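Q: Before I ask anything, here is the structure I am working with.
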Amino acid sequence: MQKTYVGSEKCQSCHENEYNRFRKYSRKTQSYNDVVLMRQGLTEEEYRKCLECHTTGFGKPGGFSSEKETPLLKEVGCEACHGPGSLHVESSDRKDIKNNVSEKDCTICHSQERVEAFRFKPLIYGGAH
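Sequential numbering of the sequence shown, starting at 194, is according to the numbering used here.
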């Protein structure tokens, strides 16, 4: 069975503390707003590139496709780091979700090139949980 994205809200029932901390402290939960604010000045290619890091699963099977079609994936949520959660939600088995997130996972978006281009200081693991 192929894993699919289910949205962070599905994580809340079993991981309430982590979910609440993430929602309260992580700027990732508002990341799509940045893209919306800048959308007018972007080419289609630039816009799609932004969605890779400012949504959950964009460009991957079952990931974010549009605010209308996949609203639960429009921000960076749990599954952006932990992978699609459908099997884990069904089984509650730790083997069905990525538990050991590493710096390598973070630098997909938080790369030196992006840090310099956008002049921000990334908080690797910051505000996650």
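Even glycine gets a Cβ: it sits at the ideal position worked out from N, Cα and C.
Being a predicted model, the structure only gives us computed values, none of them experimental.
Quick one: measure Cβ to Cβ for serine 224 and glutamate 262, integer angstroms, because I've assumed they're closer than 8 Å.
A: No, serine 224 and glutamate 262 are not in contact; Cβ-Cβ is about 18 Å, not under 8 Å.
Q: Counting pairs of Cβ atoms below 8 Å between the segment 194–201 and the segment 278–294, do you hit three or more?
A: Yes, they touch.
Q: Report the residue from Asn226, Arg287, Lys288, Glu283 whose alpha carbon sits nearest the alpha carbon of proline 264.
A: It is Asn226 whose Cα lies nearest to the Cα of proline 264.
Q: Can you tell me whether glutamine 195 is helix, strand or coil according to DSSP?
A: The answer is coil: DSSP assigns glutamine 195 none of H, G, I, E or B.
Q: Lysine 253: which of Tyr240, Glu238, Glu272 sits nearest, CA to CA?
A: When only C-alpha atoms are compared, the closest one is Glu272.
Q: Am I right that glycine 270 and threonine 300 are in contact with their C-beta atoms under 8 Å? What's the rounded C-beta distance?
A: With a Cβ gap of about 19 Å, glycine 270 and threonine 300 do not count as contacting.
Q: Could you pull the start and end residues of the alpha helix (DSSP H) that leucine 266 belongs to?
A: Segment: none, leucine 266 is in no alpha helix (DSSP H) and carries neither H nor E.
Q: My output table needs one value for serine 206: the three-state DSSP class, helix, strand or coil.
A: In the structure shown, serine 206 sits in coil (DSSP, three-state: anything other than H, G, I, E or B).
Q: Within 10 angstroms of its Cβ, does cysteine 274 collect 16 or more other Cβ (buried), or is it exposed?
A: It is buried - the Cβ of cysteine 274 has at least 16 other Cβ atoms within 10 Å.
Q: Let me check understanding here. Comparing Cα to Cα, which of Gly234, Thr236, Thr222 lies closest to cysteine 246?
A: With distances taken between Cα atoms, cysteine 246 lies closest to Thr222.
Q: Could you spell out where the alpha helix (DSSP H) holding lysine 242 opens and where it closes?
A: Where lysine 242 is concerned, the enclosing alpha helix (DSSP H) stretches over 237–247.
Q: Enumerate in chain order the residues of its own chain whose CB-to-CB distance from leucine 244 is below 8 Å, with the five nearest sequence positions on each side excluded.
A: Within the same chain, leucine 244 has close Cβ partners Val228, Phe251, Gly252, Phe257.
Q: Is it right to say tyrosine 218 is buried, meaning 16 or more other beta carbons lie within 10 angstroms of its own, or is it exposed?
A: When all chains shown are included, tyrosine 218 counts as exposed.
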